[in-house]
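Participant:
Residue numbers (the numbering used here): 275 to 371.
1) Roughly how many whole angstroms lie between the Cα atoms of residue 317 and residue 345?
2) Measure from the alpha carbon of residue 353 to the alpha carbon of each residue in 319, 311, 294, then state which is nearest.
3) Exposed or buried, what is residue 303 when buried is set at 16 or more other beta-carbons lying within 10 Å of its beta-carbon?
4) Quick check on DSSP: helix, strand or coil for residue 286?
5) Which two residues bound the contiguous beta strand (DSSP E) that contains residue 355?
6) Cutting at 8 Å between CB atoms, please list the residues of its own chain near residue 297, excluding the five before and the five after it.
7) Taking the straight line between their C-alpha atoms, what separation do you get for residue 369 and residue 331?
8) Residues in the same chain with beta-carbon distance under 6 Å from residue 273, minus the five sequence neighbours each way, listed in chain order, please.
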């Protein structure tokens with residue numbers, strides 16, 4: 275079944291909301307982010323993930339590789355989103371222990 279994690283509180287930051295789901299074996303995670311109040315010159319979106327396996331490398335759909343510690347403590351920097359109420363979903367898969 276896996277686990278669900280709310281990464282942000284839209285009532286506190288006000289301009290975007292993000293959440294993620296992690297598979298039960300923690301080998302795959304899906305992060306979702308929706309900009310609910312688009313802003314000009316918005317700051318960089320950085321999501322601090324949680325619930326990942328320790329000492330593991332994850333890969334996204336573009337082939338970028340990330341260590342679990344980098345994702346959970348340094349955060350995942352999201353690409354700039356344009357338009358009205360843009361949404362983004364990133365799938366991470368474990369590639370090595």
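Note that beta-carbon positions come from the ideal geometry of N, C-alpha and C, so glycine has one too.
Facilitator: The structure says:
1) 19 Å
2) 319
3) buried
4) helix
5) Unbroken run through residue 355: none, as it is neither H nor E.
6) 276, 303
7) 6 Å
8) The structure shown does not extend to residue 273, since the chain is modelled only from 275 through 371, so no value can be given for it.
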